[in-house]
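Residues are numbered in our numbering as their position in the sequence shown, beginning at 1, plus a constant of 105.
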Amino acid sequence: MNGLLLVLPLIFLAVLLLVLLALPYRLILSGVRDAGRTELRISLMLWGMKFLSKRFKSEIKEGTMVEAKPRPLREVLLLGLKARWCIMDLIGALLSSITIRRARISVSVGLGEASDTAIITGYLWAISALTSSLRNIEINAAPDFFSGDVNGNFELELSLRPLKPVLVFIMLLLKRPFREFVLGLREFS
């Protein structure tokens with residue numbers, strides 16, 4: 106009887122975890138670049154309710170540059186090369202579970218030189234013409250011939266179901282090259 110009382114909560118938690126992983130989540134990434142100010146906001150929603158939101162602002166301080174150590178980076182890259190098929194399987198599972206619901210990019214291009222501004226704006230207009238038939242993707246570009254700064258904002262709304270990537274990740278942990286790669290990433294950070 107005591108064994109059953111210990112197993113029932115574990116079964117309940119496992120079922121609850123599977124249900125939470127099978128639900129569709131909505132991830133919203135939005136960013137603003139205006140007059141040297143850069144801001145990024147990440148929000149995670151479930152059933153229209155925001156339950157996680159994080160805001161990042163750019164602040165560059167003097168002397169905060171960290172030098173990269175080439176030895177651990179080289180080791181992680183070699184481990185990643187050995188586990189490349191496993192990593193590709195994980196990336197494929199992740200991409201198949203993501204749906205783009207809406208993407209909106211608005212850019213004001215000013216490069217100081219009028220000819221450079223016109224060329225870059227023309228390229229952006231060509232890209233926006235290619236995506237104009239897609240209802241959920243909107244790209245706007247406006248030239249600013251008097252400014253020397255690129256300003257704009259973007260909003261990307263994704264729908265994702267994390268069950269498949271989590272299951273693929275767990276199955277890939279059974280393979281030795283992928284397990285060594287994950288452990289190498291932990292040592293690298």
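No residue lacks a Cβ here, since even glycine has one placed at the ideal position from N, Cα and C.
>> Please report the distance separating the alpha-carbon of ASP254 from that of SER148.
In response: The residue labelled residue 254 in the question sits at position 149 within the sequence shown. The residue labelled residue 148 in the question sits at position 43 within the sequence shown. So the alpha carbons of these two residues sit roughly 28 Å apart.
Subject >> 3 or more residues per run - each beta strand (DSSP E) lying fully within the stretch 110-145 >> reply: 130-139
ask   = Roughly how many angstroms lie between the CA atoms of ARG240 and ILE205, to the nearest whole one?
value = As a working note, residue 240 is residue 135 in the sequence shown. As a working note, residue 205 is residue 100 in the sequence shown. About 11 Å.
- Pairing CB atoms from the stretch 257-273 with CB atoms from the stretch 221-230, are three or more of them under 8 Å? no
Starting from SER220, trace the alpha helix (DSSP H) both ways and give me its first and last residue.
Here residue 220 refers to the residue found at position 115 when the sequence shown is read from its first residue. Looking at the DSSP string, the run of the alpha helix (DSSP H) that includes SER220 is 219-235.
Item to complete: For the beta strand (DSSP E) containing SER158, list its first residue and its last residue.
Response: As a position in the sequence shown, residue 158 is number 53, starting the count at 1. Per DSSP, SER158 belongs to the beta strand (DSSP E) from 154-162.
Backbone CA spacing between VAL273 and GLY215 [nearest angstrom]: Position 168 of the sequence shown, counted from the start, is the residue given in the question as residue 273. Position 110 of the sequence shown, counted from the start, is the residue given in the question as residue 215. Taking the straight line joining both Cα atoms gives about 45 Å.
Rounded to the nearest angstrom, what separates LEU122 and ILE275 at their Cα positions?
The sequence position of residue 122 within the sequence shown is 17, counting from 1. The sequence position of residue 275 within the sequence shown is 170, counting from 1. Distance between the alpha carbons of LEU122 and ILE275: 14 Å.
Residues in its own chain within less than 6 Å of ARG266 by CB, not counting five upstream and five downstream?
Residue numbering aside, residue 266 sits at position 161 when the sequence shown is read from its first letter. Here the set comprises PRO129, SER202.
Report task. Starting from the Cα of LEU157, find the closest Cα among VAL137, LEU132, GLY141 and give me that residue. Result -> Position 52 of the sequence shown, counted from the start, is the residue given in the question as residue 157. Of the listed residues, the one whose Cα sits closest to LEU157 is LEU132.
ask   = PHE274 lies in the alpha helix (DSSP H); which residues open and close that run?
value = By 1-based counting over the sequence shown, the position of residue 274 is 169. It spans 268-277 - the alpha helix (DSSP H) in which PHE274 sits, taken as one unbroken run.
ALA198, enclosing alpha helix (DSSP H) - first and last residue = The sequence position of residue 198 within the sequence shown is 93, counting from 1. Taken as a continuous stretch (DSSP letters only), the alpha helix (DSSP H) holding ALA198 covers 189-201.
Notebook entry, point to check: Based on the DSSP output, what are the partners of ARG209 in its beta bridges?
Noted result: Residue 209 sits at position 104 when you count from the first residue of the sequence shown. In DSSP, ARG209 forms a bridge with GLU243, GLU260.
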